[in-house]
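Have a look at the structure below before the remarks.
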Amino acid sequence: MAPKAKIPSIIKCHSESVLSGELELSRDSLSLVETEETWDTIANALLRITALLNGGASEYPATLTSFIRSVYRPITSAATSERSRLSAAAIECISTLATELGPSFDPLLPLLVPTLLSICARPNKVFISRAKAALHTIIDQTQLISLLPYFVDPLRDKSVTLRLIAIESVLACVRSFNPPDLEKDARAKDIESAIKLTATDASADVRKVSRGVFEAYKILLPGRVER
1 MAPKAKIPSI
11 IKCHSESVLS
21 GELELSRDSL
31 SLVETEETWD
41 TIANALLRIT
51 ALLNGGASEY
61 PATLTSFIRS
71 VYRPITSAAT
81 SERSRLSAAA
91 IECISTLATE
101 LGPSFDPLLP
111 LLVPTLLSIC
121 ARPNKVFISR
131 AKAALHTIID
141 QTQLISLLPY
151 FVDPLRDKSV
161 TLRLIAIESV
171 LACVRSFNPP
181 DLEKDARAKD
191 IESAIKLTAT
201 DASADVRKVS
211 RGVFEAYKIL
221 LPGRVER
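1 is the number of the first residue of the sequence shown in the UniProt record's numbering; add one for each residue after it.
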């Protein structure tokens, strides 16, 4: 049996029609049920999408986003796989999507971010490290204020690791997002909720980061602190 051809790291997209055709080549593979015989095919489909992103797919955000919305379940399923290489390929694909789409990543937040957070509650440190890095890539590269609420609910989770990553993510948002966006009432309330949920956390590490959020919040919104 001949070895499978290696997926190139860059696949150029010279037009929207070329991109559509290339993306469709991945659809059937992504739809496969993960087994010992199929997982490598699924991983290669994810690597193909990443290569397309590296080749300019984000120049056609509507086509790209529409496709990802239609296949997000297989992508998130792969991300949560116990097979390390398959999970890595899916998480790399998500990170590259955020990097290339920037703010246009917004409609994909509810489809992809909760899965990354769920991985942070698992015991495997390698998987946690990948998911955490992806979350911070999303924060840095998209600068989407709509991310903040996703990091508040996990602060109630029983997993210390998830709570720590969630409050670290809140801190990253507060430090890097546009202040006028953070000053909006709904987002300010998200920050306040995060501080209240973690100020007396059982974990010293969580409490330490929570204090960092509060210090940044005091500088950003002194009027609300005084109230």
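In this text, a Cβ means the ideal position worked out from N, Cα and C, and glycines have one as well.
Owing to the predicted nature of the structure, the values given are computational and were not obtained by experimental measurement.
Remark: C-beta atoms of residue 174 and residue 216 approach each other more closely than 9 Å. Excluding sequence positions up to five before and after residue 190, its CB lies within less than 7 Å of the CB of 148, 149 and 152, all in the same chain and listed in chain order. Nearest to residue 47 by alpha-carbon distance, out of 87, 69 and 18, is 87. Annotated three-state conformation of residue 60 is coil, per DSSP.
Annotated three-state conformation of residue 125 is helix, per DSSP.
C-alpha of residue 164 to C-alpha of residue 203: approximately 8 Å in a straight line. In the structure shown, the three-state DSSP call for residue 185 is helix. Looking at 64, 197 and 32, the one whose alpha-carbon comes closest to that of residue 100 is 64. In the three-state reduction of the DSSP assignment, residue 145 falls in the helix class, which pools H, G and I.
Within a 10 Å sphere around the beta-carbon of residue 21 sit fewer than 16 other beta-carbons, which makes this residue exposed.
Beyond the five residues adjoining it in sequence on each side, residue 81 comes within less than 8 Å, by CB distance, of 34, 39, 87 and 90 in the same chain, given in chain order. Straight-line measurement puts the Cα of residue 72 at about 13 Å from the Cα of residue 42. The beta carbons of residue 60 and residue 19 sit about 5 Å from each other, so the pair counts as a contact at 8 Å.
The shortest C-alpha to C-alpha distance from residue 181 to any of 156, 37, 76 and 146 is the one to 146. By a beta-carbon distance limit of 8 Å, residue 49 contacts residue 93. Their separation comes to about 5 Å. In the DSSP assignment, residue 85 falls within the unbroken alpha helix (DSSP H) covering 84-101. The residue from 208, 56, 25 and 160 with its alpha-carbon nearest to that of residue 123 is 160. Residue 51 and residue 95 have their C-alpha atoms roughly 12 Å apart. Between residue 154 and the set 103, 97, 84 and 121, the nearest pair of CA atoms involves 121. Taken atom to atom, the span from the alpha-carbon of residue 76 to that of residue 24 is near 18 Å. Nearest Cα to residue 170 within the set 105, 70, 214 and 58: 214.
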